[in-house]
Every structure is written in C-alpha cells, then in structure tokens.
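Residue numbers (the working numbering), protein chains in the order written: chain V, 1 to 152; chain G, 1001 to 1152. To start, the structure itself, in structure tokens.
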DNA sequence: ACACGATTTCAGTATCACCTGAACTCACTG
DNA sequence: CAGTGAGTTCAGGTGATACTGAAATCGTGT
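This is the structure:
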C-alpha cells in the first residue's frame, strides 16, 4: 500500500465517517475499492491498514451483513478472501426503499396525535414517503439500464 | 403532553436515533411535529420533554442550522418561538443533491489509484453518482408538483 | 438605568461505541 | 493426533460526545 493509496483510503474514510460510520469500517471499504488484487484475506487487510485482527473481523462482518462485501474462495488456496461485491453500490440504493417505507410508517403512526394546528407537519412527510415509494422502483430500473449500457 | 404524544415522540426519536442522531435532537424533532400550538419556546420544550435548557439550546441550534426548524415571533409577545419549518421535509430531500455530488467527487478522486483489477469497483460509483445527479432535479420538481396539488 | 425572563456558554460527569489484545475455536496438514 | 494459521469472541481501556447544572449574557419592558 503506497502513499497515494493511503491518502485515498483516508479520504473515503473521512467522508463516510461524517455520516456516523466507524473509522475502521470506512477504511476497509475504501481499501477494498482500490486494493490489488481485489480479493484480500482478513490478515492482509489488518496488516495493510494497521488494524487489529479483531477489528477487521467485526467490521468486515458488518460489511457482509449489509451486502457490500462477499467472501470468495480462490482455486488452490483454502483461505477465505473478501472483496467488494459486484453491484454493491446499486444494492445500497435499492435498500433505500426500505427506509422510505419506514418513514411513511412513522408519519402514518401519528394518526392518534395528529395536530389540528398545522397538521401538514406530519402529512407532508407521509405524502413525500408515498411519492418516493412510487418513484423509487422505476428509478432503479432506469439506473440499472444506464449502468449496464455503459454510460458517459 | 399526554401519554399518546409521549409515545409518539419516543417512536420518532427511536427511529432517528438508529441513524446516529442524538436522542435529544430526535425528541425535539418528534415533538415539534405534533405539539400544539406548533410554535414553542425553548423553555417550554425543555419542560415538555424533561430536558435541560442547555441541551435544548444546543440541539435546537443544530436543527436551525440544518434548516429543519425556524424561529418566529408571535405578535404581542417578545419571546422567541421555534417551529418546524414549512417544507422542511422537502428541503431535506433537496439537500441530498449535495451528498450525491460529494459521492461523485470521491469516486473521481480515485484517478491516481484506480486499480487495473476490477476498476468498476470505483467507476460504478462514479456512474451511479452521475446518474442521480441528472435524475434528482427533475424528480424534485415532480415531487413539488405532487405535494402542492394535494396527493392521495 | 434597572430588573427580569429567556437563551447561551461551558466545565464536569456519564454514557457509549470503537478498538485492541489475548484466549479460544475451527479447519487443514504432516 | 499434535501443530499451524486463519478467524472469532470478548473483557477491558480509551476516546468521543451528549447531557446537566450553573453562571454569564442578551433583549426587552418599566
């Protein structure tokens, strides 16, 4: 891992850390975006980034559970490798639909306590969630078409 | 603040806390969604939610800076009131565009360290950011049209 | 100018999540 | 079956941050 790579990992890590993710989690993500080869073992990642084996194990598990990273086996070698999952970014956008629905549910749950004064404080949120729930699937379709056809 | 309201504030707070926001921040948001009247002073909010004046001051400032809450003056009363900003939710969605661009910048910043092996790990992210940068503005327009025309 | 309530600031405390390091498990090898 | 190396688990240290309570500040009316 050279200087430029280290710098880029730090850039990515800093970015995602702003949104509340753990430092190690973000560093692993950044490193898996640019490391060569794309497949690495836990021990290698720990060595590359200067993290403990325990931390790598825990945060890598988090990545796998989120669907960002997958485990692969290299022919002839029996140690487990990890790599960024193809289509990982697309997956993240797809999973956004779940959060949209959750927002809608929160808004609708206000029923019993819906205020007389300016009820749009709540209803606007519900309408917005409904709108996105409708728009998101076709948007994803267009997105996939755009990506597979090779853009810009 | 009755039982049902307390329960709803807790529901909203629990939801937003999952995404890493401070408890007090989320409770204030939930309360400002349903309190009556919609405008409240800091002292009232502190009393309603059982928070210290200092906490309310700090977290309310955070809401104002994010554009979720605004200060208003009620005629005849000189104490400051706070309320959920009309169109606050729409604003949140609009500001997403900034994060989309930031993602694209991160992806493009990989230039010097772009891997030979599976470079799509990075380029896919750039393509995805570009796609959303193009789609987001018209989406926002449709959204606004949808909201003003009274949906569902 | 003074008094009073509202708000801000800040030092101190408590809480919580990350990270480490060491012990443990498991799978494979000689 | 002992040995090795990878990965997991977990107790404990550390650092960051939310929250409190009190003192300072601000803004307004008398």
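Where is the CB? At the ideal position from N, CA and C, for every residue including glycine. A quick note: this is a predicted structure, and the numbers were derived from the prediction, not measured.
What did DSSP end up calling residue 1083 (chain G) once you bin it into helix, strand or coil? As a working note, residue 1083 (chain G) is residue 83 in the second chain. Reduced to three states, the DSSP call for residue 1083 (chain G) is strand.
I'd like the span of the alpha helix (DSSP H) that includes residue 36 (chain V), first residue to last. Along the first chain, read from residue 1 onward, the residue named residue 36 (chain V) stands at position 36. Segment: none, residue 36 (chain V) is in no alpha helix (DSSP H) and carries neither H nor E.
At 7 Å on the CB atoms, spell out the chain G contacts of residue 36 (chain V), in chain order. Position 36 of the first chain, counting from 1, holds the residue named residue 36 (chain V). Ordered by position in chain G, the residues that pass the 7 Å Cβ test against residue 36 (chain V) are 1115, 1116, 1117.
Could you name the residues that DSSP lists as bridge partners for residue 1073 (chain G)? Counted from its first residue, the second chain places residue 1073 (chain G) at position 73. The partner list for residue 1073 (chain G) (beta bridge, DSSP) reads G:1080.
Give every residue of the same chain whose Cβ lies closer than 8 Å to the Cβ of residue 1144 (chain G), excluding the five residues on either side of it in the sequence, and list them in chain order. Locating residue 1144 (chain G) in the second chain gives position 144, where the first residue counts as 1. Around residue 1144 (chain G): 1090.
Note down the Cα distance separating residue 118 (chain V) from residue 18 (chain V), rounded to an integer number of angstroms. Along the first chain, one-based indexing puts residue 118 (chain V) at 118. Along the first chain, one-based indexing puts residue 18 (chain V) at 18. Each residue's alpha carbon lies about 33 Å from the other.
In angstroms, rounded to a whole number, what distance separates the CA positions of residue 122 (chain V) and residue 47 (chain V)? Walking along the first chain from the start, residue 122 (chain V) turns up at place 122. Walking along the first chain from the start, residue 47 (chain V) turns up at place 47. Roughly 50 Å separates the two Cα atoms.
For residue 1148 (chain G), is the classification buried or exposed, using 16 other Cβ atoms within 10 angstroms of its Cβ as the cut-off for buried? Here residue 1148 (chain G) refers to the residue found at position 148 of the second chain. Exposed.
Apart from the five residues just before and just after residue 1130 (chain G), which ones in its own chain have a Cβ nearer than 8 Å to its Cβ? By 1-based counting over the second chain, the position of residue 1130 (chain G) is 130. Excluding residues within five positions, the ones whose Cβ falls inside 8 Å are 1104.
Would you list, in chain order, the members of the stretch 7 to 19 of chain V that have their beta-carbon closer than 7 Å to a beta-carbon of chain G? 8, 11, 12, 15
Among G:1014, G:1013, G:1110, G:1041, which residue has its Cα nearest to the Cα of residue 1081 (chain G)? For the purposes of this step, residue 1081 (chain G) is taken as residue 81 along the second chain, with counting starting at 1. With distances taken between Cα atoms, residue 1081 (chain G) lies closest to G:1041.
Any idea if residue 1004 (chain G) is buried or exposed, counting beta-carbon neighbours within 10 angstroms, 16 or more meaning buried? In the second chain, residue 1004 (chain G) corresponds to position 4, counting from 1. The residue in question, residue 1004 (chain G), is exposed, as its Cβ has fewer than 16 Cβ neighbours within 10 Å.
Counting C-beta neighbours from all protein chains within 10 Å, is the total for residue 1055 (chain G) 16 or more, i.e. buried, or is it exposed? Working through the second chain from its first residue, we reach residue 1055 (chain G) at position 55. Residue environment: residue 1055 (chain G) is assigned as buried (16 or more neighbouring CB atoms within 10 Å of its CB, all protein chains considered).
What residues from chain G crowd round residue 89 (chain V), counting only those whose CB sits closer than 8 Å? The residue you call residue 89 (chain V) lines up with position 89 of the first chain. 1124, 1125, 1128, listed in chain order.
Cβ distance (whole Å) where residue 64 (chain V) is taken to contact residue 31 (chain V) below 8 Å: Along the first chain, read from residue 1 onward, the residue named residue 64 (chain V) stands at position 64. Along the first chain, read from residue 1 onward, the residue named residue 31 (chain V) stands at position 31. That pair is no contact at about 15 Å.
Helix, strand or coil at residue 1050 (chain G) [DSSP, three-state]: Position 50 of the second chain, counted from the start, is the residue given in the question as residue 1050 (chain G). Reduced to three states, the DSSP call for residue 1050 (chain G) is coil.
Under the rule that 16 or more other beta-carbon atoms within 10 Å means buried, what is residue 1012 (chain G), buried or exposed? For the purposes of this step, residue 1012 (chain G) is identified with residue 12 of the second chain, where counting begins at 1. With 16 or more Cβ atoms within 10 Å of its Cβ, residue 1012 (chain G) is classed as buried.
So, with DSSP's three-state summary, where would you put residue 1127 (chain G)? Here residue 1127 (chain G) refers to the residue found at position 127 when the second chain is read from its first residue. In this structure, residue 1127 (chain G) counts as helix in the three-state DSSP scheme.
Would you say residue 1141 (chain G) reaches chain V, if we count a Cβ-Cβ gap shorter than 9 Å as a contact? Within the second chain, the letter at position 141 stands for residue 1141 (chain G). Contact of residue 1141 (chain G) with chain V is not assigned, every C-beta pair being separated by 9 Å or more.
Looking at chain V, is there any beta carbon in it that lies within less than 9 Å of the beta carbon of residue 1065 (chain G)? Working through the second chain from its first residue, we reach residue 1065 (chain G) at position 65. For residue 1065 (chain G), the nearest beta carbon of chain V is not closer than 9 Å to its own beta carbon.
Only counting the same chain, and skipping five residues up and downstream in sequence, which positions put a Cβ closer than 6 Å to that of residue 106 (chain V)? Taking the first residue of the first chain as 1, we reach residue 106 (chain V) at position 106. Cβ within range, chain order: n/a, list empty.
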